[in-house]
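Structure first, commentary second.
Residue numbers (the numbering used here), protein chains in the order written: chain W, 82 to 289; chain B, 1255 to 1332.
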């Protein structure tokens, strides 16, 4: 880490100092990083595995791994992206173990039949939040994202739920930017199509 | 512009990154094609609804338990 920043360089992310302190053995600095990211890591793991117990284990393992490998973190990417990458790998490994006969990787399910061609052209009116109560809406959203192939679900989670940039998502998943964009498009369109069933149906009922 | 061409630009369109030369064509297609206009609107809603609704709870007791477990593991790994 350069001590002097030229005026035109980007502002240094506050994590950089925390990581540097943690590398020198400052546990409090590492604990602060844990506090900052435990919720995000848990959410990513739960979205990918769709299982709360697995997500708890993965969150613990991901932070432990990050702690043990902190020396290897070079700071070429954001600490949070590096951490997310560890959590994604742990999550996919967990899915692989669960489905012993089926492989699960970011390259899987790309060849599966294309469910992303739009077929439903009905509007969502009134909007879903007006149609459904919070808990019912939550059920629909969970059920719908569960139905996505894991590779698509993972891209959607990082890009649209966690708001990572396309480049950060690519880095966290070890994919190219075009590969992320293509999976993201298909994930979004498949989710839209599946959600349409609920939101359109209710719409029709409301209009009848 | 065909509907397929439009879909291939959808991700860049949301990111505001459509090539300026193509943008006018994309906008014209949205005005002319009712189906793609709906797909655009409902896809935008799909993204928004997942972004705005925390679909998995992370209650305080779980957070504390998880936090303690993480720090215990890390401390014993030193």
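Just so it is clear, CB atoms sit at the ideal spot from N, CA and C, and this is done for glycine as well.
What's the C-alpha gap between residue 289 of chain W and residue 200 of chain W?
The predicted model places residue 289 of chain W with a pLDDT of 44, which falls under 50 and marks its position as unreliable; any figure quoted below should be read in that light. Rounded to the nearest angstrom, the two C-alpha atoms are 22 Å apart.
Look at residue 235 of chain W and residue 129 of chain W and say whether their C-beta atoms are less than 8 Å apart.
yes
What's the call for residue 216 of chain W, buried or exposed, on a 16-neighbour Cβ count within 10 Å?
exposed
Counting Cβ pairs, one atom from each stretch, are 3 or more of them under 8 Å apart for the segment 260-278 of chain W and the segment 223-241 of chain W?
yes
Can you determine whether any heavy atom of the ligand MN sits closer than 7 Å to the C-beta of residue 1297 of chain B, and answer yes or no?
The ligand MN is absent from the structure shown, which contains no ligand whatsoever.
Taking C-beta to C-beta, are residue 1307 of chain B and residue 255 of chain W nearer than 8 Å?
no
Please identify the residue among W:178, W:146, W:224 and W:262 whose C-alpha is closest to the C-alpha of residue 1325 of chain B.
W:146
In the DSSP assignment, the alpha helix (DSSP H) including residue 1328 of chain B goes from what residue to what residue?
1314-1330
Looking only at its own chain, which residues have a Cβ that is under 6 Å from the Cβ of residue 163 of chain W, when we skip the five neighbours before and after it?
So the list reads 154, once near-sequence residues are dropped.
Against residue 277 of chain W, what residues of chain B qualify as contacts under a CB-to-CB distance less than 8 Å, listed in chain order?
1296
If the cut is a Cβ gap below 8 Å, which residues of chain B does residue 241 of chain W touch?
Proximity of chain B to residue 241 of chain W at the Cβ level (cut-off 8 Å) is accounted for by 1301, 1304 and 1305, in chain order.
Let's test the definition: count the other Cβ atoms within 10 Å of the Cβ of residue 1256 of chain B and tell me whether it reaches 16, buried, or not, exposed.
By the 10 Å Cβ count, residue 1256 of chain B comes out exposed.
Who are the neighbours of residue 1310 of chain B on chain D, taking C-beta pairs under 7 Å?
Considering every chain present, this structure includes no chain D. Its protein chains are W and B.
Which same chain residues, not among the five before or five after residue 1291 of chain B, have their C-beta less than 6 Å away from its C-beta?
1284
Give, in chain order, every residue of the segment 200-214 of chain W whose Cβ lies closer than 9 Å to some Cβ of chain B.
Flagged, chain order: 201, 202, 203, 204, 205, 208, 209 and 210.
Taking residue 1333 of chain B as the query, report the chain W residues whose CB atoms sit under 9 Å from its CB, ordered along the chain.
No answer is possible for residue 1333 of chain B: it lies beyond the span of chain B, which begins at 1255 and ends at 1332.
Which one of W:277, W:169 and W:158 has the shortest CA to CA distance from residue 197 of chain W?
When each option's Cα is compared against that of residue 197 of chain W, the closest is W:277.
For chain B, is any of its Cβ atoms less than 8 Å away from the one on residue 83 of chain W?
With a pLDDT of 48 at residue 83 of chain W, under the threshold of 50, the modelled position of this residue cannot be trusted; read the value that follows with caution. Not one chain B Cβ lies under 8 Å of residue 83 of chain W.
Under the three-state DSSP convention, the category residue 180 of chain W falls into:
coil
Tell me the DSSP secondary structure of residue 165 of chain W in three-state form.
helix
Anything in the segment 253-265 of chain W with a Cβ closer than 8 Å to a Cβ of chain B? List those residues in chain order, please.
262 and 265
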